[in-house]
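Worksheet for the structure shown next.
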Amino acid sequence: MKASIADVDACVADIDEDLLADAALPVPDHMPEEDHFWYDKEHPVIEEGSLFRSMNEFRMLIRTFAIRGKFDIKIKDSDTTRFLGHCKGNACPWRITARTIEDGKTVRVNKIVKPHKCSSTAAVTTSMADQAWVAEKAMRYIQTEPNIGASELRKKLQAEYKCTIGYHTVNKGKERAKNSLYGTWGKSF
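Sequential numbering from 2 applies to the sequence shown in this note's numbering.
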């Protein structure tokens with residue numbers, strides 16, 4: 002039995018109407034694990050309500066925030082679910098608290114007491130730039146110049162972030178970055 006063109010057109014019209022009717026149904030397509038976090042890792046803005054992907058990422062960004070702001074943060078309490086810190090400056094009232102939210106991973110800044118305005122305590126040598134921070138910041142330099150020395154890397158980081166970082170901190174951070182990029186020497190065999 003052959004179908005006529007009129008029968009095919011009627012069938013297509015029915016299908017199109019059915020598809021359009023189904024398309025009007027609300028379908029939740031939000032996937033929490035696909036949430037995107039938009040912030041500048043080099044110039045982070047830390048304010049009440051800010052969200053971060055994880056506690057480790059928040060800690061890294063708060064370090065960059067403090068280094069850019071030329072102050073040191075004393076971490077009063079920090080674990081996988083909370084962060085409490087304050088400025089190391091004498092009589093500076095600035096404090097910050099952050100906690101993970103219901104999903105157990107995302108971190109929200111709950112409270113910032115007073116905007117930070119005290120004089121620089123990190124102009125001489127900052128304690129905020131640890132090996133992990135240096136490793137993250139050194140990656141792009143090592144990718145373009147794999148044989149960069151610790152002294153040259155130190156000069157570049159100090160010029161970019163306007164702070165003083167200890168040589169050994171830079172050297173250890175550089176080694177971490179190289180291991181992350183290329184693997185350890187021992188695992189190459």
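We put the CB at the ideal spot given by N, CA and C, even for glycine. A quick note: this is a predicted structure, and the numbers were derived from the prediction, not measured.
For VAL135, name the three-state secondary structure that DSSP assigns. helix
With a threshold of 8 Å between beta carbons, is SER181 in contact with chain D? Considering every chain present, this structure includes no chain D. It has just one protein chain.
Terminal residues of the continuous beta strand (DSSP E) containing ILE76? 74 to 79
Taking DSSP's pairing of strands, which residues face LEU52 in a bridge? ARG109
Going by the CB atoms, is the gap between VAL108 and ILE97 shorter than 8 Å? The Cβ-Cβ distance between ILE97 and VAL108 does not fall below 8 Å.
Spatial distance of TYR162 from ALA67 (CA atoms): 10 Å
Residue nearest to GLY50 in terms of C-alpha spacing, selected from TRP39, CYS93, ALA99: Comparing alpha-carbon positions, the option among TRP39, CYS93, ALA99 lying closest to GLY50 turns out to be ALA99.
What's the C-alpha gap between ARG60 and ALA160? Looking at the backbone, the Cα of ARG60 and that of ALA160 are separated by about 22 Å.
Cβ-Cβ separation, PRO147 to LYS115 (assumed contact under 8 Å), whole Å: Incorrect: roughly 44 Å between the Cβ atoms, too far for contact.
Using only CA atoms, which one of GLU103, THR185, HIS117, LYS71 lies nearest to GLU48? HIS117
For ALA1, which three-state DSSP category applies? The question about residue 1 has no answer here: the residues shown for the chain are numbered 2 through 190.
Rounded C-alpha distance that separates SER181 from THR82: 26 Å
Over the uninterrupted beta strand (DSSP E) stretch that includes GLY86, give me the two end residues. 83 to 88
Quick check: what's the CA-CA separation for SER128 versus LYS173? 15 Å
Can you tell me the Cα-Cα spacing of ASP73 and HIS44, whole angstroms? 16 Å
Straight-line Cα distance separating ASP80 from CYS164: Distance between the alpha carbons of CYS164 and ASP80 is about 27 Å.
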